[in-house]
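For reference, the structure discussed in these notes is given below.
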Amino acid sequence: MNNQVIIENFDEDDDIILPDTLWGEIKLIVFILCKMLKYPDERKKLYIELRRQIAFYFLWVKNK
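Add 625 to the 1-based position in the sequence shown for this note's numbering, that's all there is to it.
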C-alpha cells in the first residue's frame, strides 16, 4: 500500500497550512520569520502571510 500524498495544485500564496498541533504551528511561524530575514525585499508580503496564518490557526482551534 502506497501512503504518499500528492499535492497537485498547491499555491504557496493562496493556500493556508493548518498544522494539527501547536508545535507544528510554531515551526511554521519560525519558518516564515526566517524567510523574512533571508528575503528582506519580501518582508511586507511575508508579514501579511504570517498574520493571516496565525489568524486562521486561532479560528481553526476555536472551531475544533
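All residues carry an ideal CB built from backbone N, CA and C; glycine is no exception.
Cβ-based burial, residue i [other Cβ within 10 Å; buried from 16]
i: Y682; result: buried
i: E667; result: exposed
Reduced DSSP secondary structure (H/G/I, E/B, other) of residue i
i: Y682; result: helix
i: K689; result: coil
i: I642; result: coil
Alpha helix (DSSP H) segment containing residue i, residue limits
i: E650; result: L647 to K663
Top-ranked residue by Cα proximity to residue i, from the options
i: V655; options: K689, K687, L675 and A680; result: L675
C-beta atoms of residue i and residue j nearer than 9 Å
i: Q678; j: I642; result: yes
i: L647; j: I657; result: no
i: P644; j: L653; result: yes
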